[in-house]
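Engineer: There's a structure below that I have some questions on.
2 protein chains.
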Amino acid sequence: MFPDPATNVQVERTIGRLTDRRRSVRRPMVRSTAAVAGPRVGRMIRHTVAFRLHHAPGSAEEQDFLAAARALADVPGVTAFEQLRQTSAKNDFSFGFSMEFADQAAYDAYNDHPVHTAFVADRWVPEVADFLEIDYAPL
Amino acid sequence: MFPDPATNVQVERTIGRLTDRRRSVRRPMVRSTAAVAGPRVGRMIRHTVAFRLHHAPGSAEEQDFLAAARALADVPGVTAFEQLRQTSAKNDFSFGFSMEFADQAAYDAYNDHPVHTAFVADRWVPEVADFLEIDYAPL
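Protein chains in written order, with this note's numbering: chain G, 1 to 139; chain A, 140 to 278.
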């Protein structure tokens with residue numbers, strides 16, 4: 001795809017910079033939109049889902065659901081997995097999950113992974129009353 | 140409020156643990172819900188807002204809005220400020236901002252800060268077509 005070695009070097013440098021950007025995502029700093037230019041190869045994706053369960057708040061069923069969901073953290077490609085409480089009164093969601101993938105391929109592999117598809121079928125669909133998926137990439 | 144010195148020590152230990160949890164928020168690990176118990180004092184809040192602008196994608200107006208919004212990162216109490224691109228096809232938002240506060244008092248101070256209120260009045264209200272605020276705290 002890149003027969004010219006010089007081009008390969010450039011591509012590798014670009015990917016290296018993107019990797020550096022990905023590593024810096026969690027630093028408390030402002031990232032400039034001036035750095036947006038460049039290919040979308042290898043761009044970090046933060047997958048989030050805010051949701052509300054059918055279960056009563058504080059119930060054993062709620063805790064069991066959250067405990068089961070922790071298995072998602074072990075799916076290959078999942079990093080920075082977080083289970084969170086949604087606290088804003090401006091929406092009706094109670095919880096959130098957040099996880100990061102190195103790139104779209106890792107995200108796709110997670111979506112297709114049997115641990116994920118089984119969790120969706122066996123727990124998510126019957127136990128989640130409402131949800132919204134929001135995915136973020138560096139600007 | 141805690142006349143018994145022994146109780147004070149216990150409270151301080153609890154707050155210390157919560158502080159430790161807050162520091163660990165950005166580590167790529169699963170946090171156990173077993174650690175949820177305790178007061179909600181000093182709990183980190185991650186404030187996020189997903190939004191869509193009236194401006195055309197890629198327009199100078201869009202870039203100007205994002206550039207102006209970076210002033211929010213300098214409001215006292217704001218940490219981990221991020222401007223993000225929303226990439227999921229499962230919602231209609233184009234961008235997101237994410238920031239973290241050490242506790243509710245810091246979040247309240249941000250909401251009331253003149254830089255924030257001026258940005259909301261002068262830029263957010265006229266230029267944002269739709270948005271959803273989602274706030275997360277450690278579970």
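We put the CB at the ideal spot given by N, CA and C, even for glycine.
By the three-class DSSP mapping on this structure, what secondary structure does residue 260 of chain A have?
Structural biologist: In this structure, residue 260 of chain A counts as helix in the three-state DSSP scheme.
Engineer: Could you name the residues of the segment 250-275 of chain A whose beta carbon sits closer than 7 Å to any beta carbon of chain G, in the order they occur along the chain?
Structural biologist: Listed in sequence order: 271, 272, 273, 274 and 275.
Engineer: Using a Cβ cut-off of 8 Å, pull out every chain G residue sitting near residue 232 of chain A, in sequence order please.
Structural biologist: The answer, in chain order, is 134.
Engineer: Please list the residues of the segment 70-100 of chain G that have a C-beta atom closer than 8 Å to any C-beta atom in chain A, keeping them in chain order.
Structural biologist: Of all residues in the segment 70-100 of chain G, 70, 73, 79, 80, 81, 82, 83, 84, 85, 86, 87, 88, 90, 91, 93, 95, 96, 98 and 100 have a Cβ within less than 8 Å of some Cβ in chain A.
Engineer: May I have the straight-line CA-CA distance separating residue 246 of chain A from residue 213 of chain A, to the nearest angstrom?
Structural biologist: If you take the alpha carbons of residue 246 of chain A and residue 213 of chain A, they lie about 13 Å apart.
Engineer: Opposite residue 86 of chain G in the DSSP bridges: which residues?
Structural biologist: Bridge partners of residue 86 of chain G: A:275.
Engineer: Between the beta-carbon of residue 51 of chain G and the beta-carbon of residue 130 of chain G, is there less than 9 Å?
Structural biologist: Yes, these two residues count as a Cβ contact at 9 Å.
Engineer: Have a look at residue 100 of chain G and residue 82 of chain G and give me their C-alpha separation to the nearest angstrom.
Structural biologist: Each residue's alpha carbon lies about 10 Å from the other.
Engineer: Between the segment 55-66 of chain G and chain A, which residues of the former have a C-beta closer than 8 Å to a C-beta of the latter?
Structural biologist: Going along the segment 55-66 of chain G in chain order, one finds 63 and 66 with a Cβ nearer than 8 Å to chain A.
Engineer: In the DSSP assignment, what residue or residues form a beta bridge with residue 239 of chain A?
Structural biologist: Residue 239 of chain A pairs with A:185 and A:218.
Engineer: Whole angstroms is fine: what's the gap from residue 210 of chain A's alpha carbon to residue 226 of chain A's?
Structural biologist: If I take the Cα positions, the gap works out to 24 Å.
Engineer: Would you mind telling me which residues of chain A sit closer than 8 Å to residue 50 of chain G, beta carbon to beta carbon, in chain order?
Structural biologist: In chain order: 273.
Engineer: Could you check the C-alpha separation between residue 93 of chain G and residue 249 of chain A for me, to the nearest Å?
Structural biologist: Distance between the alpha carbons of residue 93 of chain G and residue 249 of chain A is about 23 Å.
Engineer: With a cut-off of 8 Å on the beta carbons, I'd call residue 58 of chain G and residue 275 of chain A a contact; round off their distance for me.
Structural biologist: With a Cβ gap of about 18 Å, residue 58 of chain G and residue 275 of chain A do not count as contacting.
Engineer: Looking at the strands, I want to know which residues DSSP matches up with residue 267 of chain A.
Structural biologist: DSSP output for residue 267 of chain A lists A:192 as bridge partner(s).
Engineer: With distances taken from CA atoms, which of A:203, A:184, A:259 and A:265 is nearest residue 219 of chain A?
Structural biologist: For residue 219 of chain A, the nearest C-alpha among the options comes from A:184.
Engineer: Using the beta-carbon count (16 or more within 10 Å), is residue 217 of chain A buried or exposed?
Structural biologist: Result: buried.
Engineer: Where do the ends of the alpha helix (DSSP H) carrying residue 203 of chain A lie?
Structural biologist: Here the alpha helix (DSSP H) through residue 203 of chain A covers 199-208.
Engineer: In this structure, what does DSSP give as the bridge partners for residue 95 of chain G?
Structural biologist: Paired residue(s): G:51 and G:85.
Engineer: Can you tell me the Cα-Cα spacing of residue 54 of chain G and residue 63 of chain G, whole angstroms?
Structural biologist: Spanning the two alpha carbons is a distance of roughly 12 Å.
Engineer: In three-state terms, what does DSSP make of residue 116 of chain G?
Structural biologist: The answer is helix: DSSP assigns residue 116 of chain G an H, G or I state.
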